[in-house]
Each structure stands twice: as C-alpha cells, then as structure tokens.
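Shown next, in structure tokens, is the structure this report addresses.
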Amino acid sequence: MGRRFSSIGKPLPYFGIQFLLGVDTPGGNIRLALRQLDADFLAGQLVPGSQRQRKGIAIAKAQGRYTGRKSIDVPDLEKVVRLWREGWMTAVEAMRRLELSPSTFYRKVKQVR
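Heads up, the sequence shown is in the numbering used here, so the first residue is 393 and it goes up one at a time.
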C-alpha cells in the first residue's frame, strides 16, 4: 500500500483508499489501520539496495572475484608534484600536465608524501 502507519488521520483522496475500504464504517477504519500496519511491517523487512550491494561485494571479495577498480598509473607524478610543491608551477598546471581531475590529483599528492 505504501502508506506509513504514522499517516493515519491525514486525509486521503475520497475515490482512493477511503472509497475502496469503506472507511465511513468502523470495520473499514480497522481494515485501513491493519493495511497500514502491514505496509509498515513490510517496509521494515525490505533491505535497501546499498546494503544488499555491500553484502554482495563482501561475498565476492571473500571468494576472490571482486578486486575493485584498478588505480591509474601516473608516470611523472613525483617529478610534477615536487615542482608544484617548490612553487615552479601552479596546481592547475600540474593537473593539466598529468591530465588528472582535481580530486584525483590531490588524492595522488597524498600518496606521494
């Protein structure tokens, strides 16, 4: 049903669930409350996609089938980083020379230290 139990008391479209369940009667109100409780219970049982993905990756790593993304090899990294640190070139020039994005450049700079 997709509605949370906390939404009881909020108006629903007349020709929607209220009309179908007949919530004008006490029995209809009970049916509506039970459906909303059931929807909340089922929503709590579902595993979000990211958790399911993490579990799958952990299983694949344990089996040796998942190694992650390969890191790129930057040939002149130490030389360019040294020139950049000594002030002979700007960070933007270093990024252009190495053909790296800013985030990759600074991550590689941390690795060079």
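Heads up, the beta-carbon is just placed ideally off N, CA and C, and yes, glycines get one too.
For residue i, the first and last residue of its enclosing alpha helix (DSSP H)
i	result
G420	P418 to Q437
T482	Per DSSP, T482 belongs to no alpha helix (DSSP H) and is neither H nor E.
T459	That residue, T459, is in no alpha helix (DSSP H); it is neither H nor E in DSSP.
Q455	Here Q455 belongs to no alpha helix (DSSP H), and DSSP marks it neither H nor E.
S495	P494 to V504
Neighbour-count burial assignment, residue i, 16 or more Cβ in a 10 Å radius
i	result
W480	exposed
Q445	exposed
Q443	exposed
F497	buried
L492	buried
V473	buried
Whole-angstrom distance between residue j and residue i, CA atom to CA atom
i	j	result
Q437	R488	49 Å
N421	K447	40 Å
D430	Q455	38 Å
V504	E478	14 Å
A486	K502	15 Å
L424	L434	15 Å
Rounded distance between the beta-carbons of residue j and residue i, thought under 8 Å
i	j	result
L469	L490	7 Å
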